[in-house]
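Protein chains: 2
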Amino acid sequence: MSDIHFPPRELAVMGILWRHGSATVAEVRDGLEEALAYTSVLSALQTLEEKGYVRHEAEGRAYRYFPTIAAERAGQSALARIRDAIFAGSAEQLFAQLVADRNVSRAELERMRALLAERLGEAT
Amino acid sequence: MSDIHFPPRELAVMGILWRHGSATVAEVRDGLEEALAYTSVLSALQTLEEKGYVRHEAEGRAYRYFPTIAAERAGQSALARIRDAIFAGSAEQLFAQLVADRNVSRAELERMRALLAERLGEAT
DNA sequence: CGCTGTCAACGGGTTTTCCCGTAGATCGTC
DNA sequence: GACGATCTACGGGAAAACCCGTTGACAGCG
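Below, the structure is given as structure tokens:
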């Protein structure tokens, strides 16, 4: 039910916070692919805070921003949306597309297999 | 590089086109969860057409709309984006989140396993 | 022919997203 | 204390997304 949706720029910012755990405005700015003005990054953070996806603490003279939503939860929501809209509700089709990517390493595929075996081994 | 991104409403519309292969305005409207005015749906289709994600053919007095982009391609792009932003670039983590969903059936999991075995069996 | 229903085009209003300049506060330094 | 660097708050402009009313076209029907 949680209808979480991040527009492109805000998602990019959240991505950096998830990777780092937390970050200052300057750190987010450095992490961003596109070179934005300092105030632009700050604005993004502020709107995210307004939406409740982020909070901040004072750190010295600056603010340190923390995600208030776990990456897993955002991921769950995003995957469900993609599954339903793009893959006609089929997790299997989604998976097929995922592993069709030539860039996924053999090691990764093997760990997926292990994960799958574990999941399949569970009691019904 | 293909930076495909569909805002929520447009994604919902595309989803219906992908499911049906094609659809008239009325059909899209019926398929949508939210009850929108006819003209609102038409507008969405027209902006999608403007962006080149959709085209139309005359069908009787009405138009029939077709997606011009394959669901697989949109899916590839969407998955890459959430993998990078939410799962720190790890397809494995994304996969873990996918199968963590209690709603994926055992049958689906088994087909994933088969798919994975096939993919792993390929020559390096 | 006139009425009714369906359709696409158009335009406009509102909200959201995006980007940044300016202003004001604060800290360290000379 | 003046200066420069760094930071947040604020506001505003531009574009995108969203939602729909109105209009005019056209087809079927009595």
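Chains as they are written, first to last, in my numbering: chain A, 1 to 124; chain B, 1001 to 1124.
Even for Gly, the Cβ is constructed at its ideal location relative to N, Cα and C.
From the listed residues A:L98, A:A80, A:D101, the smallest Cα separation to S2 (chain A) is found for A:A80. Taking E92 (chain A) as the centre and dropping the five residues before and after it, the same chain places no C-beta closer than 7 Å to its C-beta. Note that the C-beta distance between A1096 (chain B) and L115 (chain A) is below 9 Å. Bridge pairing for Y1065 (chain B): B:A1023, B:H1056 [DSSP]. Secondary structure note for D1084 (chain B): its alpha helix (DSSP H) is the uninterrupted segment 1071-1086. Inclusion of A26 (chain A) and A58 (chain A) in the CB contact set at 9 Å is not warranted, their separation being larger than that value.
Taking 9 Å as the cut-off, the Cβ atoms of R1019 (chain B) and A1044 (chain B) do not count as close. Around the beta carbon of R1083 (chain B), a 10 Å sphere encloses 16 or more other beta carbons of the protein chains shown; the residue is thus reported as buried.
Interface with chain B (9 Å Cβ-Cβ cutoff): D101 (chain A) is included. Cβ contact annotation for V13 (chain A) (same chain, cutoff 8 Å, sequence separation greater than five): V28, L32, V41, A44, L45, L48, in chain order.
Nothing from the region 1035-1055 of chain B brings a Cβ to less than 8 Å from some Cβ of chain A. Restricting attention to A:E118, A:N103, A:I4, A:R111, the CA atom closest to the CA of K51 (chain A) is found in A:I4. Close partners of P1067 (chain B) in chain A (Cβ separation under 7 Å) are lacking, with about 11 Å as the shortest Cβ gap.
For the set A:A74, A:D101, A:G21, the Cα lying nearest the Cα of S1077 (chain B) is the one of A:D101.
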